[in-house]
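Colleague: One structure follows; several queries about it will come next.
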Amino acid sequence: MTATGELSLSVLERVKEAWRPRFLANGIEPYDYEVTTQRIARWEDWLPEWRRTAEEHVAAAEEAARAGHRATAAQY
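The numbering of the sequence shown is my numbering, which starts it at 321 and goes up by one.
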């Protein structure tokens, strides 16, 4: 960490790489992991960017439900 308490960019990049297998093992899609972590430039961005990804999935699910598409990928 820097004197201001922020993670340096190189440390943040190492964290992203080190945590990738854990996220994928717990069901995060590789595309979501890559897209979300690419938007993270500072440690403070971590939660807001993951929240943004979650909100995008919620919006897509709500749109599908409104359109009458009730089946999920897990049901195939």
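Don't be surprised by glycine CBs; every beta carbon is placed ideally from N, CA and C.
All figures in this text were calculated on a predicted structure; none of them were measured in a lab.
Do Leu329 and Trp363 count as a contact pair if the criterion is CB distance below 8 Å?
Modeller: Pairing Trp363 with Leu329 gives a Cβ-Cβ distance that is not under 8 Å.
Colleague: Could you say if the stretch 354 to 371 and the stretch 380 to 389 meet the contact criterion of at least three C-beta pairs nearer than 8 Å?
Modeller: no
Colleague: Spatial neighbours of Tyr353 within its chain, please: C-beta separation below 7 Å, excluding the five flanking residues on both sides.
Modeller: Arg340, Phe343, Leu344
Colleague: Classify Thr356: buried if its beta carbon has 16 or more other beta carbons within 10 angstroms, exposed otherwise.
Modeller: Per the 10 Å Cβ criterion, buried.
Colleague: Can you give me the C-alpha to C-alpha distance between Ile360 and Trp366, rounded to a whole angstrom?
Modeller: 6 Å
Colleague: In angstroms with no decimal places, state the Cα-to-Cα distance between Ala384 and Arg390.
Modeller: When rounded, the distance between both Cα atoms is 7 Å.
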